[in-house]
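What follows is one structure encoded as structure tokens, with my remarks underneath.
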Amino acid sequence: MSKRPILIAEDDAVSRRVLIEALEQAGHQVLVAEDGEQALKLYQQSEVSVIITDWMMPRLNGPGLCKLIRQAESENGSSPAYIILLTSMDRSEDLALGVEMGANDFIRKPFDNLELKARLCNASRIIDLQEELLKKKDEAQHLAMTDSLTGLRNRRAMLDSLHLDEDRTRRERQPLGLVMVDLDGFKAVNDSYGHAAGDQVLMSAADCLRACVRGGDYVGRWGGEEFLIALPGADIIQCAEVADRCRRLLSNQRVRLDNGFALRVTASFGATSGEGVDRPDLFQLIEQADRALYWAKEGGRDRVKIYVGSVDSGPKPL
Ligand SMILES: [Mg+2]
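Residue numbers for the sequence shown follow the numbering used here, beginning at 2 and rising by one.
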């Protein structure tokens, strides 16, 4: 069972005491509220997975509390709590109302210790399942956004983040920088040393790029041997600096292959940055970075080119 505390909402002091003792004896940590409003506050302040609430309480009653908790859960997307209504009402229309308001289960008052244990056992099964599902969902989401070889974001994740950063930087009147990176002669690595060696080169290049970017920047695998670096807030000079730092580190290190060879790998870099009111949109920026990358390849590879207009600006200003 989840280690989170159980929240009790009960206005009757005697019944409250009995409930607290029963739960504590069973090894649970307990949070206690004397009415529905107080319970709602405690629920908002702490992470609880099980709530045992009386039906009749001053200010906010049990069904009302259920309803507000379900509303809050759907608003913030949190995992649903398991709510047990404590009640002496046993007419079927009352039970139906309780379920409609969001209760998962009922315990009749005065409650029986064995029944309480059985209900909590059921709650714990449901909560464990829910948590397992949530974990699996997170893992699936992570996998769908990650390049399995390098652990970098994949193209889809890059585009998701870039759209957000494009909106944010535009709002905050900040530039948005991009650097497109393409490994030089990568096909030859694959052809001469095999695909396993190619994979090692890609992983090592990914590590190198990750190590060189600034806090807040992020790197993704854009395609085969192509990477994209996003630099929110960076002007073109800063983009060129980061790109050149990556270039130098990459060309100075050697990738040691399984067969003992130490391979020198270089890459070409195209940098751009959009700022101002009528700055290019995201896809235009990507095109600009691509164009500058093309100039870097044309210019002889292992270099950084920046985009400052639709023609090659010549040597980079570093
Ligand atoms: Mg009551």
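Glycine included, each C-beta is placed from N, C-alpha and C at the ideal position.
Own chain residues within Cβ distance below 7 Å of residue i, not counting five before or after
{"i": "Ala23", "result": "Asn114, Leu117"}
{"i": "Thr151", "result": "Leu203, Met204, Ala207, Arg222"}
{"i": "Leu135", "result": "Ser80"}
Cutoff 8 Å: residue i Cβ touching any chain D Cβ
{"i": "Asp166", "result": "Of the chains in the structure shown, none is chain D; there is only one protein chain."}
As assigned by DSSP and simplified to three states, the class of residue i
{"i": "Phe270", "result": "strand"}
{"i": "Trp223", "result": "strand"}
{"i": "Leu134", "result": "helix"}
{"i": "Asp303", "result": "coil"}
{"i": "Thr151", "result": "coil"}
{"i": "Gly65", "result": "helix"}
{"i": "Met181", "result": "strand"}
{"i": "Lys4", "result": "coil"}
{"i": "Pro318", "result": "Low per-residue confidence applies at Pro318: pLDDT is 46, beneath 50, and the placement is therefore not dependable, though the value from the model is reported in the following sentence. Here Pro318 sits in coil by DSSP."}
Residues that DSSP places opposite residue i in a beta bridge
{"i": "Phe107", "result": "Leu86"}
{"i": "Phe112", "result": "Answer by DSSP bridge pairing: none, since Phe112 is not bridged."}
{"i": "Thr320", "result": "Residue coverage of the chain in this structure runs from 2 to 319, which leaves residue 320 outside it and unanswerable."}
{"i": "Gly275", "result": "Leu177"}
{"i": "Pro233", "result": "Leu177"}
{"i": "Phe228", "result": "Val182, Arg222"}
Distance CB(residue i)-CB(residue j) smaller than 8 Å
{"i": "Phe247", "j": "Cys209", "result": "At residue 247 the sequence reads Cys, which differs from the Phe that was named. Result yes, Cβ atoms of Cys247 and Cys209 sit closer than 8 Å."}
{"i": "Leu32", "j": "Leu179", "result": "no"}
{"i": "Asp183", "j": "Glu227", "result": "yes"}
{"i": "Leu87", "j": "Ile53", "result": "yes"}
{"i": "Met1", "j": "Pro64", "result": "In the structure as shown, the chain begins at 2 and stops at 319. Residue 1 is therefore absent and cannot be evaluated."}
Residue from the options with nearest C-alpha to residue i
{"i": "Gly186", "options": "Glu276, Leu32, Lys298, Ile9", "result": "Lys298"}
{"i": "Ala244", "options": "Arg157, Arg304, Val278", "result": "Arg304"}
{"i": "Leu264", "options": "Ala189, Ala235, Ala290, Val309", "result": "Ala189"}
{"i": "Thr267", "options": "Val256, Glu276, Met90", "result": "Val256"}
{"i": "Ser408", "options": "Ile237, Arg60, Pro111, Gly195", "result": "Past the edges of the chain, shown from 2 to 319, lies residue 408, and the structure says nothing about it."}
Spatial neighbours of residue i in its chain, beta-carbon cut-off 8 Å, leaving aside the 5 residues before and after
{"i": "Lys317", "result": "For Lys317, the pLDDT reaches just 49, beneath the cut-off of 50, and the residue's location in the model is therefore unreliable, leaving the point undetermined."}
{"i": "Leu319", "result": "Bear in mind that the predicted position of Leu319 carries a pLDDT of just 46, short of 50, making it too unreliable to give a figure here."}
{"i": "His164", "result": "Leu283"}
Contacting residues, own chain, Cβ-Cβ under 6 Å from residue i (five flanking each side not counted)
{"i": "Asp129", "result": "none"}
{"i": "Met58", "result": "Asp12, Asp36, Gly37"}
{"i": "Ala34", "result": "Ala10, Ala40, Leu43"}
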